[in-house]
Structure formats: structure tokens, C-alpha cells
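Under full-length UniProt numbering, the sequence shown has 179 at position 179, and the numbering climbs by one with no breaks. Glycine included, each C-beta is placed from N, C-alpha and C at the ideal position. It should be emphasised that the depicted structure is a prediction, and the values quoted were computed from it without experimental measurement.
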Amino acid sequence: MAHYRRAGDVPPKRHTQHRDGAERLYFEELMGEEGFSSDSSLLYHREIPSAIVDSRVWETPDAATTPNHPLKPRHLKLHELFPKETWSETDTVTGRRLILGNADVRLSYAVSSAASPLYRNATGDEIVYVESGSATVETIFGALSARQGDYVVIPTSTTHRWLPNGDLPLRTYVIEATGHITPPKRYLSRFGQFLEHAPYCERDLHGPGNPIQVDGSDVDVLVKHRGPGGVAGTRLTYARHPFDVVGWDGCLYPFTFNVDDFEPITGRVHQPPPVHQVFEGHNFVVCNFVPRKVDYHPLSIPVPYYHSNVDSDEVMFYCGGDYEARKGSGIGQGSVSVHPGGLAHGPQPGAYERSIGAEFFDELAVMVDTFRPLEIGEGGLAGEDPAYAWTWARRS
1 MAHYRRAGDV PPKRHTQHRD GAERLYFEEL MGEEGFSSDS SLLYHREIPS
51 AIVDSRVWET PDAATTPNHP LKPRHLKLHE LFPKETWSET DTVTGRRLIL
101 GNADVRLSYA VSSAASPLYR NATGDEIVYV ESGSATVETI FGALSARQGD
151 YVVIPTSTTH RWLPNGDLPL RTYVIEATGH ITPPKRYLSR FGQFLEHAPY
201 CERDLHGPGN PIQVDGSDVD VLVKHRGPGG VAGTRLTYAR HPFDVVGWDG
251 CLYPFTFNVD DFEPITGRVH QPPPVHQVFE GHNFVVCNFV PRKVDYHPLS
301 IPVPYYHSNV DSDEVMFYCG GDYEARKGSG IGQGSVSVHP GGLAHGPQPG
351 AYERSIGAEF FDELAVMVDT FRPLEIGEGG LAGEDPAYAW TWARRS
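Now the structure itself:
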């Protein structure tokens, strides 16, 4: 995210001596992507950031997947995965249940009230969508305030932890890449500024405040990384707490973007899905469907036309409002629909006709399109509605 920020105490010139009031040197860390040929930030630590005293195996949450075979559309009910009595013992990191995944992206869900351990995803960037509840996300850069509707974008290898607050549980939908996640390139100038046609801009992105100072020794950090079978976990113990940064600057850092700040693009006739895009990663895109005025051609049909995902699987997470095109399917808030490449899909029977004359849709959904087939995780299998695939055959 090429948008420069600076926080805390940094020296006038990079890669030069930086000392505290007692003339003790701070330790500079360059955190950069793509072999230091892309976005980066410089962080200044009170202690040596690479000082570890132990390394043990961490058993990560179940990452096994099952192919979608024989091929069919699926409906997964995420709200059934976490009974209320489990919320107080579940955290947003170790409590995730895998819904869908492939070699490029993994989609998980958690409902939690417990604080998470310190965590670092070294396999790729994460976007955590907050369906409901609120939290403070403490990071090595500083703290973020996360609320309902926020996308929390966390760059690869950012040490952080989730601290839910308030009376409501924290419901999070997690998009984990095996690479980097950025705004769509067509929204940006060749220098990285958001262009005028983009549905959001720099003012809508909220980075961390000043760095957090936390003391402590022998501090554990859970690290998800590449390893045997694709993904492995290690519990690293650091000599000093990693939240010892006194200042940082650069273009690589975590931030939040709230879905309410996305300005929908509409037209006289139904607009194709790319107008709803909000982020992109390697071999996948993220879109959001927000409350909006709909098509205003006198003969328009506001719900989507039937369509075939020739090159991709489409995953829709329904997280607010009323879903006109899905009435009669059993889908509601907390549902995920999976429409794989190779099959046509679209409105449920009767929705096509009922939508004529509509002027506004009050719906909220997060869509992920993947360009490699998705397989189903244990959470997806546990929450599946087996009747969904046949709902288009029932005329209403």
C-alpha cells in the first residue's frame, strides 16, 4: 500500500544512528516485500528484534480440505459453527475454523470473546472482516480500532494480537493470502495514488497510532509459515516483548477500511461484478456488495442475470441486510454460498420477476472470486446445508 505514514520517534536520515536520551542505540529493522523491491517500512526497536530463546512446534488449526466433487453449489451456515458456550474460550487466531481454501487463499471464520495470543502470519497478507463486535488490534506498528464493517488489512509477518471489547462477541471472516493483497491496480495512478474513479481513497484508510510500549521477557509469538504439507506452525519465544518499537515510517503497515466508506458504482442496467471490487491478491479478488440504488433503465431487471464463472469459483459471505436474489434458498446473515466454475447460477426462482421495479437493495456481502478451484475445510463441511444445490429446480 504505497501511502507514506510516520509515527513515533524516527531519525532525520534512514540507516543512521538513532539513540535514546541515555545515548543508547535503537535497533533499526527494515520490513519489506518482494526481496526489498516493493513497499517497506523502517521500525526502530529498543531491543534486538531477532533475539529468540526458544522454538517449538505449534499445531495450527485444522487446514485439511476436501475437493468439491462431485461438483455442486454449496451453502455453508457459519453461525452454526460456534455455540454460545464456546465464545469465552475462543480467540480470533487459534479459534479459526477453515471454511474453504486452495493454494492461493484460505477463508476461515471465528466467533470469539477471548484475547488472542501474539501472532504472525508469515505465509501472506490477511484481511479480517469484522461481521459484528469490536476489538483493539495491537500490532508492532501500533494499535488499530476495529469495529463492525471493518476490513482489517494485516501485512505478512506483522506481529499482532486481537483484544475483543464490549459485550458482543467478535465475529470475524478471515481471508488469508499466500502472497500480498492490494487495492485493484485500475484504481491507482502509476505512482500509487487512488484515482478519481476509485470507489474509495486514502482518506478512508485508517492506520495505527503511535507505537505501543510493552515490557516483558520470554514472550511467545505463534508463527504460521511455509513448511511440510504447505503450512506449518512454530511457537517462537522472544527474549524481550516485540512491542518495543519507538517509531517507524514507510508504506507498509496494517490499516482498516470500513465497508460503509465504499461508494457503489451503479448504472441504468445491471453492472458486472468487477465494479464491486475492493481488493485483489494473487489468483483471487475481493468484492463487496453494499446498500445501493439499483438499475434505472425502464426495462431493467435489478437482480443479477444468470451467469457462469468460466474461470473462477465465486464465494459470497452474506453479512447484513436483505438478499432479494436469494429468497427461497435458505440463505441469510452468516451464510456463505459457493458457486464453482463450470456451473451457471443466479437468482432463486421467482426473484428475477419480483425484482422488476425495485429502486434500492439493502444488502451487504463480501465476495471472494478465486481463479483456482476451492476445496472445503472442516468448518465448511460442518456447516453445510445439503439441500441448497437443488433449490433452483423448485419453482415458486
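Cβ neighbours of residue i in the same chain (closer than 8 Å, five flanking residues each side left out)
i	result
E47	F27, A239, R240 and D244
T90	F82, A110, V111, S112, S113 and A114
G209	A7, G142 and A143
R268	D295, Y296, H297 and S300
Y4	D249, G250 and C251
E33	D39, S40, P155, T156, H180 and L252
Residues that DSSP places opposite residue i in a beta bridge
i	result
Y26	DSSP, once it has assigned bridges, lists no residue as partnering Y26.
T172	A110 and V130
K293	F360
G142	T139
I154	E126
E384	L76
I376	T66 and L100
Q277	C287
T237	D54 and D220
T182	E280
A177	V105
F317	V336 and V366
D249	R6 and L42
P164	A135
T256	V152 and H206
R226	V231
G32	S40
Presumed contact (8 Å Cβ cut-off) between residue i and residue j, rounded CB distance
i	j	result
L42	L30	6 Å
G321	L364	5 Å
R96	V174	6 Å
P254	L163	Not a contact, Cβ separation roughly 14 Å.
R171	S217	Between S217 and R171 the Cβ distance is about 35 Å, and since that is not below 8 Å, they are no contact.
R147	V130	6 Å
W248	A7	6 Å
V275	C319	Not quite, the Cβ-Cβ distance comes to about 19 Å (not below 8 Å), so this is no contact.
S55	T234	6 Å
S134	N165	6 Å
E314	L100	Incorrect: roughly 11 Å between the Cβ atoms, too far for contact.
N68	P340	6 Å
G229	E176	Not confirmed; about 16 Å, so no contact.
F317	V336	5 Å
D9	V246	5 Å
Sequence-distant residues of the same chain with beta carbon closer than 7 Å to residue i, five excluded per side
i	result
G342	L71
S396	Residue placement at S396 is flagged as unreliable, the pLDDT there being 46, under the threshold of 50; the coordinate-derived value follows with that caveat. Same-chain partners within the cutoff: G328, P349 and G350.
I212	E138, G142, A143 and F243
D204	F257 and D261
D215	H241
R372	N102, A103, D104 and N283
Y352	I301 and V303
residue 410	The structure shown does not extend to residue 410, since the chain spans only 1 to 396, so no value can be given for it.
Exposure of residue i, with buried meaning 16 or more beta-carbon neighbours within 10 Å
i	result
A393	exposed
I52	exposed
E138	buried
D369	buried
T178	buried
R186	exposed
A344	exposed
E324	buried
R226	exposed
G377	buried
T65	buried
F361	buried
V57	exposed
H15	exposed
P169	buried
H18	buried
R190	exposed
Y44	buried
D167	exposed
L98	buried
Cβ shell of residue i (< 6 Å), same chain only, five flanking positions each side left out
i	result
V286	V278, F279 and V368
S38	none
Three-pair Cβ contact test at 8 Å for the segment 75-83 versus the segment 104-116: Flag = yes, the segment 75-83 and the segment 104-116 touch.
Three CB pairs or more closer than 8 Å across the segment 294-310 and the segment 276-284: No, because fewer than three Cβ pairs between the segment 294-310 and the segment 276-284 fall closer than 8 Å, the two stretches do not touch.
The segment 256-270 in contact with the segment 156-168 per 3-pair CB rule at 8 Å: No: the two stretches stay apart, fewer than three of their Cβ pairs being nearer than 8 Å.
Touching by the beta-carbon criterion (3+ pairs, under 8 Å), the segment 66-79 and the segment 374-387: Touching, per the Cβ criterion.
Cβ contact check for the segment 211-228 and the segment 111-120: 3 or more pairs under 8 Å: At 8 Å Cβ cutoff, the stretches touch.
At least 3 beta-carbon pairs within less than 8 Å: the segment 326-337 vs the segment 292-300: Not touching, per the Cβ criterion.
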